[in-house]
Amino acid sequence: MSKIAVGVLRGGPSHEYEVSLESGKTVLQNLPEKYRPVDIFISKDGEWHTDGIARKPEHILKGVDVVFNALHGQYGEDGKVQRVLESIGVPYTGSDTIASALSMHKEEAKKIFKQAGIRVAEHKRVTPQDNMELVVRDAFETMFLPLIVKPVAAGSSVGMTVVHSYSDLPEAIYYAFGYSGVVLVENYIRGKEATCTVIDNFRESNHYALLPIEIVRPESKVFFDYDAKYKDAYMGRTSGSFSYEDKRAIEEAAIRAHKALGLRHYSRSDFIITPKRDVYILETNSLPGLTSHSFVPKSLEAIGSNMSEFLEHVITLAHK
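For the record, in the sequence shown the residue sitting at position 290 is 301 according to our numbering, with numbers rising by one throughout.
Pasting the structure below:
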């Protein structure tokens, strides 16, 4: 019996290129023996390659039975590559075009979260056409310091800044414009940071929430930025981090977010739990990182699972 050919997409034209390379490497190294891996590298300019040769996607995918999408950020996580795969007709892991685009767009996702009854930080929307002086004045009159400034469509905390002075707001907004044409200015929510992964049809549950992880930032960081996620030493605690009630609230919010966005196979949502024990959602990642530093492998380990079991499960969902 011939092995099932799994095309692993990694790289891609986003600011999370390096992270995607590592996620794809994790997938390739942990695929069960029943699968035949096909390493599909996408360059920063969007060109597809196999065996070091540039080819069109439809040619590369001719002998592939199912695709594992290990891309992150723009193109890989915003619905664009999903549209390519759907036009070719090859099954793939992760969410479909529409759900991917919705989860990647932080402002649209916020609307959906609020409709689903999940708390979100209040925000202001800023575009390059807005008068910056009026933006700062509006923030001064209606919001409290510190503020979080972030691109509306970027992952891994790229382009994000914590602002402690209204005079620093324009610089933070212009910095975020380097990653997205729309920027959000949000109230900073103080509390414990947590993340929770949801897997479809796992362990006899339609939506199985892995143990929430408390994110413990390096002392030098005011938020969990790109370097803290992928370069610095950080801690993620699963045991004793939250009370039973808080743990259940985080898990239920992660499942609710996953369902509200229409995501499939798996996702990971990030939260802040305030001292008053209110749970605020920050964002939901439709294709969370799978690197050795990432939270999904740590969460799997905490429940006695591993990457190989996870990969087989997700690939089976996609292949079906």
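Note that CB positions come from ideal geometry on N, CA and C, so glycine has one too. In this text, all values refer to a predicted model and were calculated from it rather than measured experimentally.
- Annotated three-state conformation of V325 is helix, per DSSP.
- Distance from the CA of P24 to the CA of G57, rounded to the nearest whole angstrom, comes to 5 Å.
- Excluding five sequence positions before and after D89, the CB atoms of its chain that fall closer than 7 Å to its own CB belong to S111, A112, M115 and A164, given in chain order.
- Cβ-Cβ separation between A81 and G35: approximately 4 Å, consistent with a contact (criterion under 8 Å).
- Under the three-state reduction of DSSP output, F253 falls in the coil class, being neither helix nor strand.
- For L272, DSSP assigns no beta-bridge partner whatsoever.
- R275 and Y219 have their C-alpha atoms spaced approximately 12 Å apart.
- For T208, the enclosing beta strand (DSSP E) stretches over residues K203 to F213.
- Within its own chain, the residues whose Cβ lies closer than 6 Å to the Cβ of Q85, once the five positions on either side in sequence are excluded, are S25, listed in chain order.
- Secondary structure at E118: helix, using DSSP grouped into helix, strand and coil.
- Residues N41 and P43 of the same chain have their beta carbon placed closer than 7 Å to that of S319, with the five preceding and five following residues left out of the count.
- For K161, the secondary structure class from DSSP, reduced to helix, strand or coil, is strand.
- DSSP lists V194 as the bridge partner or partners of V137.
- Per the coordinates, the alpha-carbon of V146 lies some 10 Å from the alpha-carbon of I184.
- By the beta-carbon neighbour count (other beta carbons within 10 angstroms, threshold 16), H70 is exposed.
- Contact between the segment 272–288 and the segment 194–202 is present, with at least three C-beta pairs closer than 8 Å.
- The segment 187–199 and the segment 147–163 touch, with no fewer than 3 CB-CB distances between them shorter than 8 Å.
- A distance of 8 Å or more separates the beta carbons of L32 and G18.
- For the segment 46–110, the full-length alpha helix (DSSP H) segments reaching 4 residues or more read 68–71 and 91–99 along the chain.
- Judged by their CB atoms, V49 and I326 are not nearer to each other than the 8 Å cut-off.
- A Cβ-Cβ separation of about 14 Å leaves M171 out of contact with N198 under the 8 Å criterion.
- Taking C-beta separations shorter than 8 Å and ignoring five residues to either side along the sequence, the partners of I292 in its chain run F124, I129, R130, V131, A264, A268, S280, D281 and F282, following chain order.
- The closest CA to that of G315, considering only I15, R66, R214 and R136, is found on R214.
- Between the alpha carbons of E133 and A16 lies a gap of roughly 46 Å.
- If you draw a 10 Å sphere on the C-beta of A65, you find fewer than 16 other C-beta atoms in it, and that means exposed.
- In this structure, the straight-line span from the alpha carbon of T108 to that of N317 is close to 28 Å.
- Between V169 and N296, the alpha-carbon positions lie close to 14 Å from each other.
- With fewer than 16 other Cβ atoms from the protein chains shown falling within 10 Å of its own Cβ, T138 counts as exposed.
- Remark: C-beta atoms of L272 and A120 approach each other more closely than 8 Å.
- Distance between I53 and W59, taken at the CA atoms: about 5 Å.
- With fewer than 16 other Cβ atoms from the protein chains shown falling within 10 Å of its own Cβ, Q126 counts as exposed.
- From the listed residues G105, R47 and D62, the smallest Cα separation to V209 is found for G105.
- The alpha-carbon separation between S252 and G300 amounts to approximately 22 Å.
- It is roughly 16 Å from the alpha-carbon of K73 to the alpha-carbon of Q93.
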